[in-house]
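Chemist: Before I ask anything, here is the structure I am working with.
There are 2 protein chains.
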Amino acid sequence: MFEILLKNINTKVTLTTDEEASLTSFFHSKKLRKRQYFLQEGDVCKHLAFVEKGLLRSYTIDEKGIEHILQFALEGWWISDLYSFYAQQPGTYTIDALEDSEILTLSLADFEEMLLKVPKMERYIRILMQNNIIASNNRVSCSLSFTAEQKYLKFTEAFPDIFNRVPQHMIASFLGFTKETLSRIRAKRTS
Amino acid sequence: MFEILLKNINTKVTLTTDEEASLTSFFHSKKLRKRQYFLQEGDVCKHLAFVEKGLLRSYTIDEKGIEHILQFALEGWWISDLYSFYAQQPGTYTIDALEDSEILTLSLADFEEMLLKVPKMERYIRILMQNNIIASNNRVSCSLSFTAEQKYLKFTEAFPDIFNRVPQHMIASFLGFTKETLSRIRAKRTS
DNA sequence: CGCGGGTTTGATGATGCTCAAGCCCGGTGG
DNA sequence: CCACCGGGCTTGAGCATCATCAAACCCGCG
Chain A
108 MFEILLKNIN TKVTLTTDEE ASLTSFFHSK KLRKRQYFLQ EGDVCKHLAF
158 VEKGLLRSYT IDEKGIEHIL QFALEGWWIS DLYSFYAQQP GTYTIDALED
208 SEILTLSLAD FEEMLLKVPK MERYIRILMQ NNIIASNNRV SCSLSFTAEQ
258 KYLKFTEAFP DIFNRVPQHM IASFLGFTKE TLSRIRAKRT S
Chain B
108 MFEILLKNIN TKVTLTTDEE ASLTSFFHSK KLRKRQYFLQ EGDVCKHLAF
158 VEKGLLRSYT IDEKGIEHIL QFALEGWWIS DLYSFYAQQP GTYTIDALED
208 SEILTLSLAD FEEMLLKVPK MERYIRILMQ NNIIASNNRV SCSLSFTAEQ
258 KYLKFTEAFP DIFNRVPQHM IASFLGFTKE TLSRIRAKRT S
């Protein structure tokens, strides 16, 4: 139930078995069916989610009703609406499952208590955030300087595991163009 | 010399005067002239920079020689190439001063020692990173769903202080379009 | 006065979007 | 076993947005 989580944490800090036991006591396991919401736009994000199994995504919906995917999260990734979570205010993102999934959830109160009980987790969280920021910067940078085709190529190289489990139109949505454009890019490349 | 830094830190955690003294001992002050580089593409980012006075920017240069601005940093902001800094590997960003500036620099070794000596800084850094991630997500989300005009409007509202100190063509670069497009947006709105 | 950085304007063109139709394929139910 | 349905992908025609390139303008400063 906690294999992936503990493996993930132990790549960044080293926990004793006591600490592991203490830590896991804060999490709650939850199963999600494909298409099930974890968080809906306008709700307060009560929990962080760590994906033990399956695949989730976060996205916004614009005034035309079009979805814009902010993040995919597969095994070993965290996902949530961070603003909504820390502020405990209604958020703007929707999160749902793209496959039947199993997640570990952590409330804000438990999150803070966990940091007090297992201070090493401060460091783990910081490293996680560092990497997140670096990846975000990289994404912004690519969105500023790449063409649609370059973005697509980079994505397939950087995230083959996501690429193989997600419908094309969602990859287009993540990269910031339409499914038709993506289809034409693919057609051009295989000819 | 450390007013802005300490004020900034104390909005997030509460330091004793001893801790303040310990903390500031790790920083080095440095003056930068307008147009002076703090970091050049391909160099290893040896220091984080905290802006006490002035205004810096980070950007990449694409194969056509066009600059794409990732970040502006004015008084009270941090700036660096995080990947390059933590990995101590050559980076892809260039950082320079847009005005005569005064910054406080912190090396990786000092950064880590500071976290050991003043553990409260772990929390400060974590809060900083949280906010950074939230802002990054917001920026990605806008870049996916907004038109050029919407991006411009949102920027002027969110960052009037930057807007008033930076040439228009750099705002265009930050937002992901050309100075000509920005000029036309402005012309349309004032008519 | 002339120079340089910044901004504007116009003509033209490329990139990617919209809308609509059709196809492919796996799943479901008769 | 076949018919149908729905999700996903493709294709085409026309269009909107924004980029490009070139020229001119503006203005503060040496």
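Keeping their order, the protein sequence lines are chains A and B. Okay, so the first sequence: first residue is 108 according to the working numbering, each after it adds one. Okay, so the second sequence: first residue is 108 according to the working numbering, each after it adds one. Built from N, CA and C at the ideal position, the CB exists for glycine as well. In this text the structure is predicted, and so the values were computed from the model without any measurement.
(1) Find out if the Cβ-Cβ distance for the pair Tyr190 (chain A), Ile241 (chain B) is shorter than 8 Å.
(2) With the cut-off set at 8 Å, would you say Tyr164 (chain B) and Ile210 (chain B) are in Cβ contact?
(3) So with CB distances below 7 Å, who are the chain A contacts of Tyr193 (chain B)?
(4) At a Cβ threshold of 8 Å, is Leu251 (chain B) touching chain A?
(5) Using a Cβ-Cβ distance under 8 Å, would Asn276 (chain A) count as near chain B?
(6) Identify whether Ile300 (chain A) lies in helix, strand or coil by the three-state DSSP scheme.
(7) Helix, strand or coil: which one does DSSP assign to Ser187 (chain B)?
(8) Note down, in chain order, every chain B residue with its Cβ under 7 Å from the Cβ of Glu169 (chain A).
(9) Give the interface partners of Ser248 (chain B) over in chain A, defined as CB-CB distance under 7 Å, in chain order.
(10) Give a yes or no on whether 8 Å exceeds the smallest Cβ distance from Leu189 (chain B) to chain A.
(11) Could you check where the beta strand (DSSP E) with Lys295 (chain B) kicks off and where it finishes?
(12) Kindly identify the DSSP beta-bridge partner or partners of Ser105 (chain A).
(13) Kindly list, in the order they appear in chain A, the residues whose Cβ is closer than 8 Å to that of Glu229 (chain B).
(14) Looking at the secondary structure, which residues open and close the alpha helix (DSSP H) in which Glu110 (chain A) lies?
(15) How many angstroms separate the CA atom of Leu260 (chain A) from the CA atom of Glu220 (chain A)?
(16) Shortest alpha-carbon distance to Leu223 (chain A) belongs to which of B:Phe218, B:Glu229, B:Lys224?
(17) Do you know offhand how far Glu110 (chain A)'s Cα is from Thr123 (chain A)'s?
(18) Could you name the residues of chain A that Gly283 (chain B) contacts, counting a contact when the two beta carbons are closer than 8 Å?
(19) With a Cβ-Cβ cutoff of 8 Å, do Leu177 (chain B) and Phe192 (chain B) count as a contact?
(20) Could you spell out the range, first to last residue, of the beta strand (DSSP E) harbouring Glu256 (chain B)?
(21) Residue ranges of each beta strand (DSSP E) run of no fewer than 3 residues wholly in the region 197-232 of chain A, ordered along the chain?
(22) Are the C-beta of Asn244 (chain B) and some C-beta of chain A separated by less than 8 Å?
(23) Against chain B, with Cβ distances strictly below 8 Å, would Ile240 (chain A) count as a contact?
(24) Using the C-alpha atoms, what's the distance from Leu251 (chain A) back to Asn378 (chain B)?
(25) Note down the Cα distance separating Lys227 (chain A) from Thr121 (chain B), rounded to an integer number of angstroms.
(26) Can you tell me the Cβ-Cβ gap for Thr297 (chain B) and Ala255 (chain B), rounded? I've got them flagged as a contact below 8 Å.
(27) Considering only their Cβ atoms, is the gap separating Phe133 (chain B) from Leu235 (chain B) smaller than 8 Å?
(28) Exposed or buried, Glu264 (chain B), counting other C-beta atoms within 10 Å across all chains shown (16 or more means buried)?
(29) So Glu126 (chain B) is in the alpha helix (DSSP H); what residue range does that whole segment cover?
(30) Rounded to the nearest angstrom, how far is the Cβ of Lys153 (chain A) from that of Glu182 (chain A), given a contact under 8 Å?
(31) Can you name the start and end residues of the alpha helix (DSSP H) that Phe145 (chain A) belongs to?
(32) Given a threshold of 16 other Cβ atoms within 10 Å of its Cβ, counted over all protein chains shown, does Arg246 (chain A) qualify as buried or as exposed?
(33) Using the DSSP secondary-structure output, state which residues sit across from Thr167 (chain A) in a beta bridge.
Modeler: Looking at the coordinates:
(1) yes
(2) It should be noted that the sequence gives Arg, not Tyr, for residue 164 (chain B). No; because the gap between Cβ atoms is not below 8 Å, this pair is not in contact.
(3) Gln237
(4) yes
(5) A small correction: the amino acid at residue 276 (chain A) is His; Asn does not occupy that position in the sequence shown. Answer no: the Cβ-Cβ gap between His276 (chain A) and chain B never drops below 8 Å.
(6) Past the boundaries of the shown model lies residue 300 (chain A); chain A is included only from 108 to 298, so the question cannot be answered.
(7) coil
(8) Per the sequence shown, the amino acid found at residue 169 (chain A) is Asp instead of Glu. Near Asp169 (chain A) (Cβ distances below 7 Å), the residues of chain B are Ser252.
(9) For a Cβ distance threshold of 7 Å, residue set Thr167, His175, Leu177 of chain A lies close to Ser248 (chain B), ordered along the chain.
(10) yes
(11) From DSSP, Lys295 (chain B) is part of no beta strand (DSSP E) but of the alpha helix (DSSP H) over 286-297.
(12) As displayed, chain A neither begins before 108 nor continues past 298, which places residue 105 (chain A) out of reach and without an answer.
(13) What Glu229 (chain B) touches in chain A: Glu229, Arg230, Arg233.
(14) 110-117
(15) 42 Å
(16) B:Glu229
(17) 15 Å
(18) Here the neighbours are Ser250, Leu251.
(19) Phe192 (chain B) is positioned such that its CB atom lies no closer than 8 Å to that of Leu177 (chain B).
(20) That residue, Glu256 (chain B), is in no beta strand (DSSP E); its alpha helix (DSSP H) goes 255-265.
(21) Taking only runs of at least 3 residues, the beta strand (DSSP E) segments lying wholly in the region 197-232 of chain A are 201-204, 208-214.
(22) At least one beta carbon of chain A lies nearer than 8 Å to the beta carbon of Asn244 (chain B).
(23) yes
(24) Any question about residue 378 (chain B) goes unanswered here, given that chain B covers just 108 to 298.
(25) So the alpha carbons of these two residues sit roughly 21 Å apart.
(26) Not quite, the Cβ-Cβ distance comes to about 16 Å (not below 8 Å), so this is no contact.
(27) no
(28) exposed
(29) 124-131
(30) The Cβ separation is near 22 Å, so there is no contact.
(31) Element bounds for Phe145 (chain A): not the alpha helix (DSSP H) but the beta strand (DSSP E), 144-146.
(32) Burial call: buried.
(33) A:His175
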